[in-house]
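Input: a single structure, listed below in structure tokens.
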Amino acid sequence: MALKHPFCFEVIGTETQITMQLACREPDVGFVRSQIDTLLPEVVIRQEPQYLERHFDAGAEEWVGAVGFGLRHECVIPIETPNRFDPDPLNGIVASLSLSEAREAQVLQIMCQPVVNDWSSELKLSVLDADGSPYFSDAPELVGYAREKAASPLYATTIRSGARAASCE
């Protein structure tokens, strides 16, 4: 089983705390809880609707901004999944978010949604010529990458960072 609806992993920093949360739709809550219970049994789960919105609800005197990030390489290349977390890739993010001051909040969001149409076949074909040879003669490894990526459920993913502050400085 996999998630059927959009979901989001968020790391939120305020002047008093850093919170990590998963946001998902109601039909996926049971699946998400079971995954967390299985993989991270020591984690405490607390449902808190509209948590992010409360921290980013800017008043008339405050500033809010966001920036999105894109991929460096072709979409057929799977995103690297580390076997170990040494060092933990969140260390630098948490360190940055811990610098939030009064009336400030920061967030890193990784938003995912299952693709609407199964385009795994097209993904594999996109790197082949009509005769089945690699389309990109200077990068024949893309064929293997496309097959590897198409072997798992596909998700549309966006990564963005946002901040709220008392001024634009």
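Adding 14 to a residue's 1-based position in the sequence shown gives its number in the numbering used here. Positions of the beta carbon are idealized from the N, C-alpha and C atoms, including for glycine. All figures in this text were calculated on a predicted structure; none of them were measured in a lab.
Short CB-CB distance (under 8 Å) between residue i and chain B
i   : result
M34 : Absent here is chain B; the protein component of the structure consists of one chain.
Through-space distance from residue j to residue i, alpha-carbon basis
i    : j    : result
I124 : E136 : 25 Å
A160 : C126 : 19 Å
N105 : I59  : 21 Å
W133 : F83  : 23 Å
A37  : E24  : 8 Å
I32  : Q64  : 16 Å
T30  : V141 : 49 Å
Q120 : E62  : 18 Å
V46  : D145 : 43 Å
Contact set for residue i: own chain, Cβ-Cβ below 7 Å, skip 5 residues either direction
i    : result
R86  : none
Y169 : C126, Q127, P128, V129
Run of the alpha helix (DSSP H) containing residue i, from where it starts to where it stops
i    : result
A179 : Careful: A179 lies outside any alpha helix (DSSP H), inside the beta strand (DSSP E) at 169-179.
I50  : 43-53
Closest Cα partner of residue i within the set the options
i    : options              : result
K138 : G79, Q120, W77, K163 : K163
I173 : G27, R68, V81, Q49   : V81
F21  : G27, Q35, A109, L142 : Q35
Any non-hydrogen atom of the ligand COA closer than 7 Å to residue i Cβ
i   : result
R47 : Ligands are entirely absent from the displayed structure, and the ligand COA is therefore not among its contents.
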